[in-house]
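Notes to accompany the following structure.
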Amino acid sequence: MAVAGRGAPRLGGVSLVIRPGERVALLGPSGAGKSTLLAVANGLLPPSAGQVLWQGQPPARSGRARRRQQARIGTLWQDLCLIEELSVQQNLNAGRLAAWGWPKALLNLLLPLETAANAEALRQVDLAPQLLAQPVAALSGGQRQRLAIARLLRQNPTLLLADEPLASLDPRLAAALLALLLAQAAAPRALLLSLHRPDLLAGFDRVIGLRAGRLLFDRPAAALAPGAGTALLAELYRSGG
Amino acid sequence: MSARLWKRPAAALRPAPPLLLLLPALVLLPLLAVLPFQLHGGGLELLGQFAWAALTPCLDPLVLGSALRGLATTVGMALLGWAASLVLGLALGLASSRTIWRSCCGCDWPAGLLRRLLAVPRAIHELLWGLLLLQLVGLQPVVAVVAIALPFGALVARVVSDLIDALDRRRLNALLSAGAPAPSALLTALGPPLLPGLLSYGGYRLECALRSATLLGVFGLGGLGTELKLTLQSLQFDELWTGLWLLLAVMLALETGLGWLRRRWLMPSRLALGQGSVGRRGREMLLVLAGLLPLAAGVGWALGVDPRALLAWQALPLAGLGQGAALQQLLALPWAALIGGTLGLTLLAAALAVGLPPLLLLLCAPWPPLRWLLRFSWLLGRLWPPPLTALLLLLLLQPGLVCAALALGLHNAGILGRLLAEGLADASPALERALAAAGVGPRLALLYGRYPAIARPYLAYGAYRADVLLRETVVVGLVGATGLGSQLLESLSSFAWEQLLALVAVYALLTLAGEELSDRLRRRLLAPH
Numbered sequence: 001m002a003v004a005g006r007g008a009p010r011l012g013g014v015s016l017v018i019r020p021g022e023r024v025a026l027l028g029p030s031g032a033g034k035s036t037l038l039a040v041a042n043g044l045l046p047p048s049a050g051q052v053l054w055q056g057q058p059p060a061r062s063g064r065a066r067r068r069q070q071a072r073i074g075t076l077w078q079d080l081c082l083i084e085e086l087s088v089q090q091n092l093n094a095g096r097l098a099a100w101g102w103p104k105a106l107l108n109l110l111l112p113l114e115t116a117a118n119a120e121a122l123r124q125v126d127l128a129p130q131l132l133a134q135p136v137a138a139l140s141g142g143q144r145q146r147l148a149i150a151r152l153l154r155q156n157p158t159l160l161l162a163d164e165p166l167a168s169l170d171p172r173l174a175a176a177l178l179a180l181l182l183a184q185a186a187a188p189r190a191l192l193l194s195l196h197r198p199d200l201l202a203g204f205d206r207v208i209g210l211r212a213g214r215l216l217f218d219r220p221a222a223a224l225a226p227g228a229g230t231a232l233l234a235e236l237y238r239s240g241g
Numbered sequence: 001m002s003a004r005l006w007k008r009p010a011a012a013l014r015p016a017p018p019l020l021l022l023l024p025a026l027v028l029l030p031l032l033a034v035l036p037f038q039l040h041g042g043g044l045e046l047l048g049q050f051a052w053a054a055l056t057p058c059l060d061p062l063v064l065g066s067a068l069r070g071l072a073t074t075v076g077m078a079l080l081g082w083a084a085s086l087v088l089g090l091a092l093g094l095a096s097s098r099t100i101w102r103s104c105c106g107c108d109w110p111a112g113l114l115r116r117l118l119a120v121p122r123a124i125h126e127l128l129w130g131l132l133l134l135q136l137v138g139l140q141p142v143v144a145v146v147a148i149a150l151p152f153g154a155l156v157a158r159v160v161s162d163l164i165d166a167l168d169r170r171r172l173n174a175l176l177s178a179g180a181p182a183p184s185a186l187l188t189a190l191g192p193p194l195l196p197g198l199l200s201y202g203g204y205r206l207e208c209a210l211r212s213a214t215l216l217g218v219f220g221l222g223g224l225g226t227e228l229k230l231t232l233q234s235l236q237f238d239e240l241w242t243g244l245w246l247l248l249a250v251m252l253a254l255e256t257g258l259g260w261l262r263r264r265w266l267m268p269s270r271l272a273l274g275q276g277s278v279g280r281r282g283r284e285m286l287l288v289l290a291g292l293l294p295l296a297a298g299v300g301w302a303l304g305v306d307p308r309a310l311l312a313w314q315a316l317p318l319a320g321l322g323q324g325a326a327l328q329q330l331l332a333l334p335w336a337a338l339i340g341g342t343l344g345l346t347l348l349a350a351a352l353a354v355g356l357p358p359l360l361l362l363l364c365a366p367w368p369p370l371r372w373l374l375r376f377s378w379l380l381g382r383l384w385p386p387p388l389t390a391l392l393l394l395l396l397l398q399p400g401l402v403c404a405a406l407a408l409g410l411h412n413a414g415i416l417g418r419l420l421a422e423g424l425a426d427a428s429p430a431l432e433r434a435l436a437a438a439g440v441g442p443r444l445a446l447l448y449g450r451y452p453a454i455a456r457p458y459l460a461y462g463a464y465r466a467d468v469l470l471r472e473t474v475v476v477g478l479v480g481a482t483g484l485g486s487q488l489l490e491s492l493s494s495f496a497w498e499q500l501l502a503l504v505a506v507y508a509l510l511t512l513a514g515e516e517l518s519d520r521l522r523r524r525l526l527a528p529h
């Protein structure tokens with residue numbers, strides 16, 4: 001599939017299959033089209049050519065069926081997209097909105113709902129359940145990252161997408177967060193994560209290199225292990241056109 | 001009330017901001033419950049004719065010409081009243097600023113005193129000023145202009161003094177301690193940061209002045225409003241719509257033009273209530289302001305506005321309260337019911353005005369054409385004078401509180417609806433998009449994605465609007481049983497001057513109390529959490 005852009009296409013001739021249980025890293029210099037690829041994957045951006053198949057099916061035509069498909073795809077946004085004015089509990093429940101009807105969505109703004117499930121989600125990302133009643137604005141940066149992941153767990157997606165989640169974190173936090181994400185991506189769940197750090201590829205099954213909107217390589221992670229993948233990486237990050 | 005609930009973390013029920021936004025709409029439940037009993041089928045056919053006439057307005061040159069002349073008069077009155085209120089407001093605002101008194105004289109008690117005095121003209125609606133002046137000096141073009149200028153001037157004065165006193169004093173102090181004379185130091189330090197806020201607010205007041213001038217016309221002070229009322233009463237709906245469509249075009253042009261200027265000059269939006277700065281456009285702003293003076297003079301000459309007419313006033317034939325009969329007459333008025341009715345009407349209309357826009361926007365969220373229709377109906381709502389809506393509703397409803405509340409509520413929903421749309425357009429779409437990408441439907445994505453951030457500023461503005469509504473209840477007094485407003489119009493038409501003055505005084509006191517209350521509510525809503 002391809003995505004047109006002003007002048008050069010943002011993505012051109014990218015063909016890619018992600019299978020259940022696969023943990024895929026997306027590498028590439030800034031402007032290579034990583035965010036565009038993720039936007040196509042979560043359905044925000046329809047490709048201008050080619051098609052996206054979800055479990056062998058094209059995107060549904062009816063709004064409702066399409067939303068059901070999209071609910072199976074969870075995205076960890078770079079700016080996290082937490083709702084600042086709501087509590088931790090309400091933010092976690094926002095992950096269930098696609099599945100909930102109106103009454104529950106409104107009730108969530110009034111009462112603490114599904115406390116046990118939310119506490120469990122917090123435990124999985126090493127946050128204390130006591131945080132549930134806190135407003136999001138009171139959390140630290142690291143806690144917010146974890147909360148965003150916990151909300152994804154509440155959504156319970158089949159495909160996890162993450163757009164440079166490690167970009168603004170110090171090395172220790174980044175490693176911990178990555179471990180957390182990788183641990184969540186056991187079959188049947190798959191993970192597609194874009195990042196800038198070739199040193200953090202250890203837990204992945206596959207690595208995809210994107211450059212100037214084109215697929216440069218699609219290899220098993222072992223091919224990019226320290227030493228073996230130096231040439232590939234040099235090619236990916238070489239300066240100039 | 002509910003304000004206390006969300007301060008206390010222990011309270012079990014704590015509506016989150018997006019839910020708070022929807023709570024005022026609960027007023028629809030009791031309203032819909034009583035509405036069937038208020039209906040009478042009498043005017044259904046007429047209402048159909050009215051709706052059809054919207055598509056077939058009268059294009060007869062005679063009617064068109066008369067409507068255009070009326071529109072020109074209304075626009076002229078609005079412009080003059082507005083310009084006068086700006087001059088008045090700027091002068092009084094400077095005179096009631098604590099900062100200015102402190103830097104010029106070293107003390108600030110005169111500022112506080114003047115502020116308190118200015119609350120009185122502000123508390124009396126322009127319609128009341130108009131009707132009082134009409135009794136004092138007769139039907140003169142200058143009456144409408146002064147009626148607009150007085151309360152608007154007092155409002156502008158408050159905003160100006162608030163803006164000045166909220167500015168950073170360090171720059172001013174630096175200039176003063178460097179030996180600059182106080183007036184020039186004030187101008188240099190306070191002028192540039194003050195101008196955008198003042199112009200943004202002033203532009204918004206111009207829209208209000210146009211609405212007010214139309215309203216004054218409905219009560220017989222000339223211009224398009226008078227024509228609208230006459231054509232409505234004689235059921236000439238096609239001629240009514242000729243005037244309405246023209247008014248709509250002018251209002252739309254004005255709002256678009258002012259919006260363009262606001263963006264061009266990077267002015268703070270009304271919900272943000274922040275401060276901008278002049279930047280490169282300062283000279284342009286001053287030029288526009290300077291151009292207003294000759295324009296106002298020309299319009300004044302064309303309309304025959306003569307301030308000297310104000311000098312030839314005639315005192316009201318008051319019997320004097322010393323005489324027992326007049327006092328007894330006053331005490332005989334059912335004060336508790338009058339005040340209760342006014343407050344009830346205010347609350348009902350305010351809940352409608354604040355609650356309808358977010359609810360309807362939410363319901364229309366999945367269909368873009370409906371959203372546009374909604375925006376258009378807000379425009380119609382705010383342009384349409386509430387007493388005319390009330391008269392139209394009388395075709396379907398019994399006269400009374402519900403009819404008046406609907407008329408006032410729909411008009412103000414038009415104002416708040418536009419504000420909500422502007423506020424939402426300024427907010428970041430990222431959150432809503434993220435929710436949509438996770439399969440959340442458009443309505444819930446709006447509720448969770450955009451409403452949380454806008455809720456508090458919107459409700460704070462709603463609190464301010466409720467205070468405006470209290471003052472405005474008088475304009476729908478003509479449908480009867482609405483408390484002070486309808487009693488006031490009745491006293492006026494029976495020349496009971498003592499009653500009239502007493503009613504105006506009570507109205508003013510009520511408005512002052514309401515202002516204090518809404519100020520507190522607003523501060524609480526905007527306080528950091």
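Protein chains in written order, with the working numbering: chain L, 1 to 241; chain R, 1 to 529.
Positions of the beta carbon are idealized from the N, C-alpha and C atoms, including for glycine.
Quick caveat: nothing in here was measured; it's all calculated off a predicted structure.
Between G477/R and the rest of its own chain, which residues show a CB-CB distance below 7 angstroms, the 5 nearest in sequence each way excluded? G485, S486, L488, L489
Cβ-based neighbour list, A83/R, same chain, cut-off 7 angstroms, excluding 5 preceding and 5 following: L292, A296
Cβ closer than 8 angstroms: which chain R residues qualify as neighbours of T75/L? Taking a Cβ-Cβ cut-off of 8 angstroms, the neighbours of T75/L in chain R comprise A434, A437, A438, given in sequence order.
C-beta atoms of A166/R and L175/R nearer than 8 angstroms: no
Applying the criterion that 16 or more other CB atoms from any shown protein chain within 10 Å of the CB defines a buried residue, is C364/R buried or exposed? buried
Using a C-beta cutoff of 8 angstroms, does A16/R count as contacting chain L? yes
Under 8 angstroms, Cβ to Cβ, is there at least one residue of chain R near I83/L? yes
Entirely enclosed alpha helix (DSSP H) segments - the stretch 209 to 240 of chain R, minimum 4 residues: 224 to 233
L273/R CB to nearest chain L CB: under 8 angstroms? Its pLDDT being 42, under 50, L273/R is placed unreliably in this model, and the coordinates cannot settle the point.
E284/R to P369/R span [Cα, whole Å]: Computed Cα separation, rounded: 38 angstroms.
Counting contacts by CB-CB distance shorter than 8 angstroms, is A94/L in contact with chain R? yes
For C107/R, is the classification buried or exposed, using 16 other Cβ atoms within 10 angstroms of its Cβ as the cut-off for buried? With fewer than 16 Cβ atoms within 10 Å of its Cβ, C107/R is classed as exposed.
Do you know how far the Cα of R520/R is from the Cα of A3/R? Below a pLDDT of 50, predicted positions are generally treated as unreliable, and A3/R, at 45, falls in that range; the measurement from the model is reported next regardless. Rounded to the nearest angstrom, the two C-alpha atoms are 11 angstroms apart.
Just to confirm the assignment, what range does the alpha helix (DSSP H) spanning T346/R have? 335 to 364
Taking the alpha-carbon of A404/R as reference, which of L29/R, G480/R, G439/R, A353/R has the nearest alpha-carbon? G480/R
Using DSSP's beta-bridge definition, name the partner residues of L289/R. L289/R pairs with nothing; no bridge assigned.
Exposed or buried, what is H40/R when buried is set at 16 or more other beta-carbons lying within 10 Å of its beta-carbon? exposed
Nearest candidate by alpha-carbon position, reference A162/L, set P171/L, L177/L, R154/L, L122/L: Closest by alpha carbon: L177/L.
Beta strand (DSSP E) segments (min. 3 residues) lying fully within the stretch 60 to 111 of chain L: Runs of the beta strand (DSSP E) lying entirely within the stretch 60 to 111 of chain L, each at least 3 residues long, are 73 to 76 in chain order.
Does the beta carbon of A452/R come closer than 8 angstroms to any beta carbon on chain L? Note that residue 452/R is Pro in the sequence shown, not Ala. At least one chain L Cβ lies under 8 angstroms of P452/R.
Three-way DSSP call (helix, strand, coil) for Q145/L in this model: helix
Using CA atoms only, rank isn't needed, just tell me which of C104/R, P192/R, R14/R, V218/R is closest to L391/R. The candidate whose alpha carbon is nearest that of L391/R is V218/R.
S85/R - containing alpha helix (DSSP H), residue span: 61 to 95
Residue-level contact to chain L via CB, A413/R, 8 angstroms cutoff: no
Whose Cβ in chain L lies nearer than 9 angstroms to the Cβ of L13/R? L110, L111
Out of P157/L, G203/L, A212/L, A167/L, which has the shortest C-alpha to C-alpha gap to G31/L? A212/L
Please report the straight-line C-alpha distance between L287/R and G202/R, rounded to a whole angstrom. 15 angstroms
Option nearest A513/R by Cα separation, candidates L194/R, L113/R, A466/R: A466/R
Per DSSP, V440/R forms a beta bridge with which residues? Bridge partners of V440/R: none, in fact.
Interface residues of chain L facing G441/R [CB-CB closer than 7 angstroms]: R67
So, is the C-beta of A534/R closer than 8 angstroms to a C-beta in chain L? This structure cannot settle anything about residue 534/R, because the visible part of chain R is limited to 1 through 529.
The beta strand (DSSP E) spanning P220/L covers which residue range? 214 to 220
Here's the rule I'm using: 16 or more other beta-carbon atoms within 10 Å means buried, otherwise exposed. How should L338/R be labelled? buried
Per-residue DSSP class, three states only, for A25/L: Strand at A25/L.
Tell me which same chain residues have a C-beta within less than 7 angstroms of the C-beta of D238/R, skipping the five on either side of it? A53, T56, P57, C58
Please classify F37/R as buried or exposed, where buried requires at least 16 other C-beta atoms within 10 Å of its C-beta. Burial call: exposed.
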